[in-house]
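This report refers to the structure that appears directly beneath it.
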Amino acid sequence: MRLRRRGLASINSEIRDGIMPAADTIARVAKDPDALPHTPSNYRVTALIIACALFMEQMDSTVLATALPTMARDFGVPATSMSSALTSYLLALAIFIPASGRLADRFGSRTIFRAAILIFVGGSMLCGQATSLPFMMFARFLQGLGGAMMIPIGRLVLLRSVAKEDMVQAMSWLIMPALIGPILGPPVGGAIVTYLDWRWIFYLNVPIGLLGVVLVTRYIGEVREDKPARFDVPGFILSGVSLGCLLFGFEMTSRTGELARAVVLIAVGLVAGVAYIHHAKHRSDPILDLSLMRIPTFRLSVIGGSLTRITQGAQPFLLPMMLQLGFGMTAAASGAIGSLMMKSLAPRVLRRFGFRNSLIVGGLCASSGCAVAGLFRPDWPIPVIFGVLMISGFFMSFQFSAYNTIAYDEIPSSRMSSATSFYATFQQLMLSLGICVGAASLHVGMLGTGATRPALTDFTLAFLVVTAVSASATIWNRRFAVDAGAELSGHRAKSAVLAPIVILTKVRTQSHERHRL
Numbered sequence: 073m074r075l076r077r078r079g080l081a082s083i084n085s086e087i088r089d090g091i092m093p094a095a096d097t098i099a100r101v102a103k104d105p106d107a108l109p110h111t112p113s114n115y116r117v118t119a120l121i122i123a124c125a126l127f128m129e130q131m132d133s134t135v136l137a138t139a140l141p142t143m144a145r146d147f148g149v150p151a152t153s154m155s156s157a158l159t160s161y162l163l164a165l166a167i168f169i170p171a172s173g174r175l176a177d178r179f180g181s182r183t184i185f186r187a188a189i190l191i192f193v194g195g196s197m198l199c200g201q202a203t204s205l206p207f208m209m210f211a212r213f214l215q216g217l218g219g220a221m222m223i224p225i226g227r228l229v230l231l232r233s234v235a236k237e238d239m240v241q242a243m244s245w246l247i248m249p250a251l252i253g254p255i256l257g258p259p260v261g262g263a264i265v266t267y268l269d270w271r272w273i274f275y276l277n278v279p280i281g282l283l284g285v286v287l288v289t290r291y292i293g294e295v296r297e298d299k300p301a302r303f304d305v306p307g308f309i310l311s312g313v314s315l316g317c318l319l320f321g322f323e324m325t326s327r328t329g330e331l332a333r334a335v336v337l338i339a340v341g342l343v344a345g346v347a348y349i350h351h352a353k354h355r356s357d358p359i360l361d362l363s364l365m366r367i368p369t370f371r372l373s374v375i376g377g378s379l380t381r382i383t384q385g386a387q388p389f390l391l392p393m394m395l396q397l398g399f400g401m402t403a404a405a406s407g408a409i410g411s412l413m414m415k416s417l418a419p420r421v422l423r424r425f426g427f428r429n430s431l432i433v434g435g436l437c438a439s440s441g442c443a444v445a446g447l448f449r450p451d452w453p454i455p456v457i458f459g460v461l462m463i464s465g466f467f468m469s470f471q472f473s474a475y476n477t478i479a480y481d482e483i484p485s486s487r488m489s490s491a492t493s494f495y496a497t498f499q500q501l502m503l504s505l506g507i508c509v510g511a512a513s514l515h516v517g518m519l520g521t522g523a524t525r526p527a528l529t530d531f532t533l534a535f536l537v538v539t540a541v542s543a544s545a546t547i548w549n550r551r552f553a554v555d556a557g558a559e560l561s562g563h564r565a566k567s568a569v570l571a572p573i574v575i576l577t578k579v580r581t582q583s584h585e586r587h588r589l
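Start counting the sequence shown at 73; every next residue gets the next number (this note's numbering).
Right, here's the structure in full:
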């Protein structure tokens with residue numbers, strides 16, 4: 073088979089940045105009379121425009137892994153080495169997402185958003201011209217630079233004008249069209265790889281991107297802060313060096329003969345990370361505000377979401393390769409609808425059960441689906457495989473929707489920009505680390521058998537490793553308060569039923585205390 077990508081919930085990348093509530097210090101620049109004003113009444117129009125960018129970014133990410141085996145053959149490298157093409161894109165996101173918000177605040181959201189689309193399209197054209205793995209890594213890094221500004225700024229523009237109680241609906245308008253990209257990506261990408269040339273996968277972004285530029289120019293207004301914060305240049309450099317060295321160091325540990333270089337990179341990354349922590353403690357406006365981790369819901373969402381995203385990052389690397397190497401299936405053989413189903417049901421589930429219970433149950437179900445995927449064998453019925461992937465995709469995508477929402481429940485508006493940058497950076501860091509963990513686990517399995525080609529049992533081991541990582545998030549999910557995010561989810565009916573019991577308990581406690589006195 074030619075490779076399939078993100079048949080599981082990883083097709084969402086959550087869909088990547090999640091909900092970004094409003095900040096209070098934004099100034100609207102109404103210099104363009106043709107641009108629609110940012111009001112709650114027209115957020116659907118803005119959402120659909122931003123969804124065009126999401127469609128392009130998600131479809132590109134989906135179809136890339138579909139072509140990895142063919143690309144590896146053309147470049148003359150092992151299939152496992154193609155993980156660098158995935159890592160380089162996520163690395164660019166992790167490095168430049170922290171800077172995206174401040175660039176938008178200084179130069180205007182429409183200007184940066186439009187430039188980001190053009191950069192992404194330019195990177196896509198270079199990907200289509202790539203003749204070697206290093207060239208492809210450079211082109212994907214350039215794509216990541218555009219994506220780092222394109223998606224966070226687009227969502228920030230939309231959700232700064234949306235009331236808290238309307239966030240779920242606004243995100244539905246934003247996400248539903250964007251989900252078409254990951255769903256169409258596998259069959260479209262598979263057909264292109266099978267019947268045409270993999271380079272056409274990247275050329276598809278050109279007309280979509282140009283359409284997006286036109287729509288942004290016509291309908292998106294210029295939004296920026298009155299007094300933007302100073303850009304933290306030392307922090308940007310230190311965090312970039314740390315993230316870059318750590319991610320590529322971990323990725324290189326899975327390659328034969330690269331252990332010494334990997335150790336050096338990891339050591340440099342750790343030193344730069346410690347230096348950044350010291351820098352952030354002595355700066356009032358660091359590019360990544362570590363003090364945000366003191367806020368309970370934000371901290372728990374970051375930790376639990378990070379553990380889950382490691383699995384999400386590993387699945388797009390492991391699953392397509394297992395199906396291609398172990399099953400001999402064609403790339404155009406399947407699709408995914410679980411995540412799309414989730415988007416219509418998530419608000420109802422959260423309203424009925426709340427964030428804490430939903431994350432616990434959903435996390436365990438998603439982890440179980442990942443473990444089952446590691447047990448796939450060529451004699452399994454195709455409908456069963458598709459069913460497992462669909463259900464797993466549903467629960468994995470549900471988790472990310474919940475994490476991305478609850479993370480900002482206790483964040484004050486004055487720190488919202490810092491919180492969204494911090495959270496989005498960790499998202500991409502963990503996705504990249506997931507690729508490294510998946511590749512390293514697969515390599516360990518191959519070392520145990522002395523094989524040069526991964527066997528199905530090696531994939532099973534790798535899936536079980538990443539399953540254990542995501543399942544450990546349950547420890548942190550249990551620490552959420554029962555009523556966490558009630559204002560966002562509307563989980564009030566049950567709270568109203570329990571309210572008299574809580575009041576009665578308090579009265580009895582007070583009475584007991586008076587009796588003791």
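We put the beta carbon where it would ideally sit given N, CA and C, even for glycine. Quick caveat: nothing in here was measured; it's all calculated off a predicted structure.
Can you say whether residue i is buried or exposed, counting buried as having 16 or more other CB atoms within 10 angstroms of its CB?
i      : result
Trp452 : exposed
Met324 : buried
Glu559 : exposed
Ala523 : exposed
Ile292 : buried
Thr159 : buried
Ala332 : exposed
Leu447 : exposed
Val509 : buried
Glu521 : Note that residue 521 is Thr in the sequence shown here, rather than Glu. Exposed is the call here.
Arg302 : exposed
Gly316 : buried
Asp481 : buried
Phe472 : buried
Ser356 : exposed
His563 : buried
Met488 : buried
Gln201 : exposed
Ala404 : Residue placement at Ala404 cannot be trusted, given a pLDDT of 37 that sits under 50; what the coordinates show is reported in the next sentence. Burial call: buried.
Tyr161 : buried
Thr497 : buried
Val456 : exposed
Leu268 : exposed
Tell me, to the nearest whole angstrom, how far the beta carbon of residue i is from that of residue j; I am working on the premise that it is less than 8 angstroms.
i      : j      : result
Thr289 : Arg186 : 7 angstroms
Ala438 : Ser464 : 6 angstroms
Ala139 : Ile280 : Not a contact, Cβ separation roughly 18 angstroms.
Ala164 : Leu126 : Actually they do not touch by this definition, with Cβ atoms about 17 angstroms apart.
Ala479 : Tyr495 : 6 angstroms
Ser181 : Val229 : 5 angstroms
Ile189 : Val285 : 6 angstroms
Phe168 : Met221 : 7 angstroms
Leu391 : Ala445 : 6 angstroms
Val554 : Gly426 : 7 angstroms
Can you tell which of the options has its C-alpha closest to the C-alpha of residue i?
i      : options                           : result
Ala540 : Pro450, Trp548, Ala443 and Ala474 : Ala443
Pro206 : Phe192, Ser153, Phe168 and Arg182 : Ser153
Gly435 : Phe466, Gly329, Ala263 and Leu337 : Phe466
Leu120 : Phe210, Ala220 and Gly226         : Gly226
Met468 : Pro388, Val135, Leu310 and Gly200 : Pro388
Thr369 : Phe552, Thr118 and Ile169         : Phe552
Val278 : Thr118, Phe192 and Pro358         : Phe192
Pro224 : Gln215, Pro170, Gly195 and Ile338 : Pro170
Leu395 : Gly557, Leu162, Ala527 and Gly148 : Ala527
Ser542 : Pro484, Val516 and Ser440         : Ser440
Val433 : Asn549, Met393 and Val538         : Asn549
Trp270 : Met208, Leu337, Ser493 and Gly307 : Met208
Ile309 : Leu287, Val336, Leu276 and Val346 : Val346
Thr380 : Leu431, Met197, Asp132 and Ile122 : Leu431
Met131 : His515, Tyr275 and Ile483         : Tyr275
Leu287 : Pro358, Ser311, Arg424 and Val117 : Val117
Ser311 : Gly321, Pro300 and His351         : His351
Cys124 : Ile338, Leu283 and Val538         : Leu283
Tyr348 : Pro306, Ile454 and Ile375         : Pro306
Leu417 : Leu461, Phe470, Leu372 and Gly459 : Phe470
Hey, is the stretch 532-550 in contact with the stretch 355-368, meaning 3+ C-beta pairs nearer than 8 angstroms? no
Touch check for the stretch 367-386 and the stretch 493-504: three-plus C-beta pairs under 8 angstroms? yes
Sufficient close CB pairs (3 or more, under 8 angstroms) joining the stretch 293-311 to the stretch 167-177: yes
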